[in-house]
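A.B. asks: Just so we're aligned, residue 1133 is where the sequence shown starts under this note's numbering, counting upward by one.
One structure, as structure tokens, below. Some questions next.
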Amino acid sequence: MRCLRVLIGCLCLLLCLSIAIPPIVSPTASSPASADQSIDTAVATGPADQSIDTAVATGPADQSIDTAVANETAAIDTAVANQTAAIDPTAGPTDPPRTDDTDVHASTHDRENIEQSMQINRTPERVGAFTVELQYALPDQVTRLSATMPSAASVVSTSGFESTDDREYAWDETTESPSITYRLPSNRTTRQEGPIAADGRLELAETADWAIVRPIGPGLSWAWTGNTARVGVDRSRSFDGPGATGESIVFLGEHTEHTRTAHEQTIRLIVPDDAELAADPDAILDQIAFASDALRVGDRDSEVFVVAAPTEGVPWAVRGLQAGDADMWVGDDERLEDPSNVWLHEYVHTRQGFESTADTQWFIEGGASYYAARLTLEAGDIRFEGFQRELARGEAAAYEEAVLAEPETWTPGAQYRKGALVAGELDRQLRIESEGSASIDRVFSALNARSEPVTADSFRAAVDDAGGSESVTAHDRYVSTRAVPSMWDRTEHDTTFGSLPARIEARQPATIGVGGPYRTTTASLSQTPIRLVTGESIALEIPVENYGGTAGEYTVDFAVNDSIRASDAGTLDPGERTVAAFEHTFDSPGRYPVVAGDSRFVVSVEPPAPLSVGSIAVNRSTVGPNESVEVVASVENTASIPGRGEFSIAVDGTERDSRTVHLDRGANETIVVTESFDEPGTHTVTIGDQSVTIEVTDGGTGDAVGIDGTVPGFTSGVAIVALLLSILIASRRSR
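Structure, rendered in structure tokens:
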């Protein structure tokens, strides 16, 4: 019994000692990981705002109709006194546009932007003027901000801005949320002639109940500290009361919104309470959706903003107006069963993504007028006779002296009437010469694919490519001389247009593959630019479809830096589809514009981020001769781009091996090395710039420990307790 008490006392004493003894840990040369981070699982992720999947902010919408100057953010790559400055030109109705071709559309993970919140308010007590209130939130690195107000603006009040010139206002550099409030005239006048003209002079207007306006923002310039990132401007709009906004046009007032999504476009139809539509809203959306599908000519915007403008008592100068990329208003009294269909005329303008020169300007209105009539015919909303009469207007004596390539010879409406007839004749000739495999749609598509302004020579080349010598002869005769084609009859139309021509469309790829030694992922075309590191590749598949009625040829080019690197060509039967696949590896840093079919995007390539060893550890700190020890080094990439590292492995100062590690952003990897030593003593293993020491004793097995610093399975105290319990049990059994 006494023996039992002694044993129990020893057991309690040893248990207390085991609790007081700390677990054995591995010595390392670097700071150890925290207790809850195993060396093979701890990951240090990069900042959330440094994701390659982040879409850049779209360009602003407040731009002038008269100057058509895109209110994009322009930057000056000039660093003065460790500061970077930028200019954002916004031209007012009478302001000369300031331009700069520097692209600042970097992804949001590259910078923290200035936030401009624009609140647009009607002032019922001042019909004919509306109020714009701009509120700014400035990142800490912004040191200067100045605003050049539109010439038509009347500044009402400022907070945190001081007037420095006639229209210049500078931030006082202390106010946290500076603001400017100003008024703009609601009514804009113009003179218009031709078939789209109306009796009045207004192209933008306000009444006591509603307004259709285009708010113009100030031209901004700013500076920020640091040289590693650009600061841009993110813009948002809101209303004090009911309203709706597109990219450029704003409607203020009570309304109902109708939407339709079709063919990768969302069509928003805004119907004011004061509007009296001559067509059903659903029928309007049906017709625009039909045109969206039928016009496979590229440059299809993701959203179309349409306002049905009330016409009762409003002296509009035009029957409709298209502004920005895909905004438009159309008079509420416009019908769909009209060969001069204004709904479709203005919609066609949204699909004209090319810039014309003086000698091709005729196709802007002439092409829109022809397509409006043809699409209305193809939709079944008018008979051939109406289509025929509409195009035959171009034969009128009033246009006999007009040369389409020479705008100074135009009589009022010549570009609409004669332009539509000539566009139709070119369409007919192309169909005849190609035996139905081509149409003017191919020319239209080729124009949209150009990044340079379309000249008469490039237009002529597109006609030649789509048709041939006879089509080119027709182009030269009717575009470059006073000659007027004759409108064809129903029999000729049925023969030439009876079967739909081949309509080849190369669609944008849903995603772009990104691959290489660092990662396998995808990027979106909405990312500008797509960020890569040297040695990475992009891969894209472009769906190509012939949705027409006859077989047709297609060619899809893939170009980098304006140099064609590959092409895919073939013939598709009606309804047939194929995929044009391209891949390209970027070996050098730089900024690369890429064109694949109708898809355009920019790839930014930079060297990979450097990697380093974060920590190093061993599973045994003491071993016997020739006993193995495992050394584990942790490498992680905390940069916002993929990284690469070369790590030497040395034992006692002698390099034994090396490892190359490729890591995506936020990823980690372990380097594991197994070593043994013949001679007792202290030995050093170095991986990269981190080292760890191992003690080799003369004899016996070393202290095997887990990689996290504990003996595998048991602590020393638990092992002793288990031993004593076994002795106690044996003692009791012996009794």
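Note that beta-carbon positions come from the ideal geometry of N, C-alpha and C, so glycine has one too.
Bear in mind the structure is a predicted one, so any value in this text is a computation, not a measurement.
Are the beta-carbon atoms of Thr1825 and Thr1818 separated by less than 8 Å?
C.D. replies: Locating residue 1825 in the sequence shown gives position 693, where the first residue counts as 1. Locating residue 1818 in the sequence shown gives position 686, where the first residue counts as 1. Cβ distance not < 8 Å, so Thr1825 and Thr1818 don't count as in contact.
A.B. asks: Would you kindly report the start and end of the unbroken alpha helix (DSSP H) that includes Phe1486?
C.D. replies: Here residue 1486 refers to the residue found at position 354 of the sequence shown. That residue, Phe1486, is in no alpha helix (DSSP H); it is neither H nor E in DSSP.
A.B. asks: Which ranges does the beta strand (DSSP E) cover as unbroken runs of at least 3 residues, wholly within the stretch 1251-1312, from first to last along the chain?
C.D. replies: List check, beta strand (DSSP E) in window: 1261-1269, 1274-1280, 1286-1291, 1293-1295 and 1300-1303.
A.B. asks: When the Cβ atoms of the stretch 1407-1420 are set against those of the stretch 1458-1475, are three or more pairs found closer than 8 Å?
C.D. replies: Touching, yes.
A.B. asks: According to DSSP, simplified to helix, strand and coil, what is Asn1800?
C.D. replies: The count along the sequence shown starts at 1 and reaches residue 1800 at position 668. If DSSP states are grouped into helix, strand and coil, Asn1800 belongs with the strands.
A.B. asks: Taking 8 Å as the cut-off, decide whether the C-beta atoms of Phe1591 and Thr1492 are in contact.
C.D. replies: Translated into the one-based positions of the sequence shown, residue 1591 becomes position 459. Translated into the one-based positions of the sequence shown, residue 1492 becomes position 360. Contact flag set, yes.
A.B. asks: Tell me whether Tyr1301 is buried or exposed, calling it buried when 16 or more other Cβ atoms sit within 10 Å of its Cβ.
C.D. replies: For the purposes of this step, residue 1301 is identified with residue 169 of the sequence shown, where counting begins at 1. When all chains shown are included, Tyr1301 counts as buried.
A.B. asks: Kindly indicate which three-state DSSP category Asn1751 falls into: helix, strand or coil?
C.D. replies: If you number the sequence shown from 1, residue 1751 lands on position 619. If DSSP states are grouped into helix, strand and coil, Asn1751 belongs with coil.
A.B. asks: By the three-class DSSP mapping on this structure, what secondary structure does Glu1510 have?
C.D. replies: Looking up residue 1510 in the sequence shown gives position 378. Looking at Glu1510 - three-state DSSP - the assignment turns out to be helix.
A.B. asks: Based on Cα-Cα distance, which residue from Ala1529, Val1745, Ala1449 and Val1363 lies nearest to Asp1331?
C.D. replies: Here residue 1331 corresponds to residue number 199 of the sequence shown, with the count starting at 1. Per the Cα distances, Ala1449.
A.B. asks: Tell me which same chain residues have a C-beta within less than 6 Å of the C-beta of Glu1487, skipping the five on either side of it?
C.D. replies: Taking the sequence shown and counting its residues from 1, one reaches residue 1487 at position 355. Cβ neighbours of Glu1487 beyond the five flanking positions: Pro1585.
A.B. asks: Provide the residue(s) that pair with Ile1819 in DSSP beta bridges, ordered along the chain.
C.D. replies: As a first step, residue 1819 is located in the sequence shown; it is residue number 687 there, counting from the start. Paired residues: Ile1781 and Gln1822.
A.B. asks: Between the stretch 1721-1733 and the stretch 1630-1647, do three or more beta carbon pairs fall short of 8 Å?
C.D. replies: Short answer: they touch.
A.B. asks: Say whether the stretch 1405-1412 touches the stretch 1447-1461, bearing in mind that this needs 3 or more beta-carbon pairs closer than 8 Å, one atom from each stretch.
C.D. replies: Contact fails: fewer than three Cβ-Cβ distances are below 8 Å.
A.B. asks: By how many angstroms is the C-alpha of Gly1702 removed from the C-alpha of Thr1628?
C.D. replies: Taking the first residue of the sequence shown as 1, we reach residue 1628 at position 496. Taking the first residue of the sequence shown as 1, we reach residue 1702 at position 570. Answer to the nearest angstrom: the Cα atoms are 24 Å apart.
A.B. asks: Here's a check: name, in chain order, each residue in its chain whose Cβ is nearer than 6 Å to the Cβ of His1794, leaving out the five neighbours to either side.
C.D. replies: Walking along the sequence shown from the start, residue 1794 turns up at place 662. Cβ neighbours of His1794 beyond the five flanking positions: Pro1649, Tyr1650 and Arg1776.
A.B. asks: Grouping DSSP H, G and I as helix and E and B as strand, with all else coil, what is Leu1657?
C.D. replies: If you number the sequence shown from 1, residue 1657 lands on position 525. Looking at Leu1657 - three-state DSSP - the assignment turns out to be coil, as it is neither helix nor strand.
A.B. asks: Buried or exposed: which applies to Phe1516, given that a residue is buried once 16 or more other Cβ atoms fall within 10 Å of its Cβ?
C.D. replies: Here residue 1516 refers to the residue found at position 384 when the sequence shown is read from its first residue. Phe1516 should be labelled exposed.
A.B. asks: Return the CA-CA distance between Arg1428 and Ala1691, expressed in angstroms with no decimal places.
C.D. replies: As a first step, residue 1428 is located in the sequence shown; it is residue number 296 there, counting from the start. As a first step, residue 1691 is located in the sequence shown; it is residue number 559 there, counting from the start. C-alpha separation (whole angstroms): 21 Å.
A.B. asks: What is the residue span of the alpha helix (DSSP H) that Gln1547 lies within?
C.D. replies: As a working mapping, residue 1547 is identified with position 415 in the sequence shown. It spans Ala1546 to Glu1565 - the alpha helix (DSSP H) in which Gln1547 sits, taken as one unbroken run.
A.B. asks: Residues in its own chain within less than 7 Å of Thr1682 by CB, not counting five upstream and five downstream?
C.D. replies: For this step, residue 1682 is matched to residue 550 along the sequence shown. Counting only Cβ-Cβ distances below 7 Å, and skipping sequence neighbours, we find Gly1568, Ser1569, Ser1631, Pro1633, Ala1634 and Pro1706.
A.B. asks: Check whether the stretch 1563-1583 touches the stretch 1520-1531, taking contact to mean three or more Cβ pairs, one atom from each stretch, closer than 8 Å.
C.D. replies: The answer is no - the stretch 1520-1531 does not touch the stretch 1563-1583, with fewer than three Cβ pairs under 8 Å.
A.B. asks: With DSSP collapsed to three states, give me the class of Asp1168.
C.D. replies: On the sequence shown, position 36 is the one that residue 1168 refers to. For Asp1168, the predicted structure reports a pLDDT of 34, less than 50, and the residue's modelled location is therefore unreliable. The matter cannot be settled from this model.
A.B. asks: Nearest CA to the CA of Leu1664: which residue from Asp1719, Gly1456 and Thr1806?
C.D. replies: Looking up residue 1664 in the sequence shown gives position 532. Of the candidates Asp1719, Gly1456 and Thr1806, the one whose C-alpha sits nearest the C-alpha of Leu1664 is Asp1719.
A.B. asks: Go ahead and label Gly1364 buried or exposed: buried means 16 or more other beta carbons lie within 10 angstroms of its beta carbon, across all protein chains shown.
C.D. replies: As a working mapping, residue 1364 is identified with position 232 in the sequence shown. So Gly1364 ends up on the buried side.
A.B. asks: Expressed to the nearest angstrom, what Euclidean distance is found between the alpha-carbon atoms of Glu1335 and Val1259?
C.D. replies: In the sequence shown, counting from the first residue as 1, residue 1335 sits at position 203. In the sequence shown, counting from the first residue as 1, residue 1259 sits at position 127. Cα to Cα, Glu1335 sits roughly 16 Å from Val1259.
A.B. asks: How about Val1439 and Ile1381: do their beta carbons lie closer than 8 Å?
C.D. replies: Taking the sequence shown and counting its residues from 1, one reaches residue 1439 at position 307. Taking the sequence shown and counting its residues from 1, one reaches residue 1381 at position 249. Yes.
A.B. asks: Between the Cα of Pro1282 and those of Asn1253, Arg1315 and Ser1291, spot the shortest distance and give me the residue it belongs to.
C.D. replies: The count along the sequence shown starts at 1 and reaches residue 1282 at position 150. Among Asn1253, Arg1315 and Ser1291, the Cα nearest to that of Pro1282 belongs to Arg1315.
A.B. asks: Quick check on this structure: which residue in Leu1558, Arg1560 and Tyr1531 has the alpha carbon closest to the alpha carbon of Tyr1548?
C.D. replies: For the purposes of this step, residue 1548 is taken as the residue at position 416 of the sequence shown. Nearest of Leu1558, Arg1560 and Tyr1531 to Tyr1548, Cα basis: Tyr1531.
A.B. asks: Going by CA-CA distance only, name the one from Glu1247, Arg1723, Ile1696 and Pro1327 that's closest to Glu1715.
C.D. replies: One-based indexing of the sequence shown puts residue 1715 at position 583. Nearest of Glu1247, Arg1723, Ile1696 and Pro1327 to Glu1715, Cα basis: Ile1696.
A.B. asks: Between the stretch 1587-1602 and the stretch 1654-1668, do three or more beta carbon pairs fall short of 8 Å?
C.D. replies: The stretch 1587-1602, when compared against the stretch 1654-1668, does not touch it at the 8 Å Cβ threshold.
A.B. asks: Report the rounded CA-to-CA distance for Asp1433 versus Thr1482, giving the unit in angstroms.
C.D. replies: Looking up residue 1433 in the sequence shown gives position 301. Looking up residue 1482 in the sequence shown gives position 350. About 8 Å.
A.B. asks: Starting from Glu1325, trace the beta strand (DSSP E) both ways and give me its first and last residue.
C.D. replies: Counted from its first residue, the sequence shown places residue 1325 at position 193. That residue, Glu1325, is in no beta strand (DSSP E); it is neither H nor E in DSSP.
A.B. asks: What did DSSP end up calling Pro1413 once you bin it into helix, strand or coil?
C.D. replies: To locate residue 1413, count along the sequence shown from 1; it is residue 281. Reduced to three states, the DSSP call for Pro1413 is helix.
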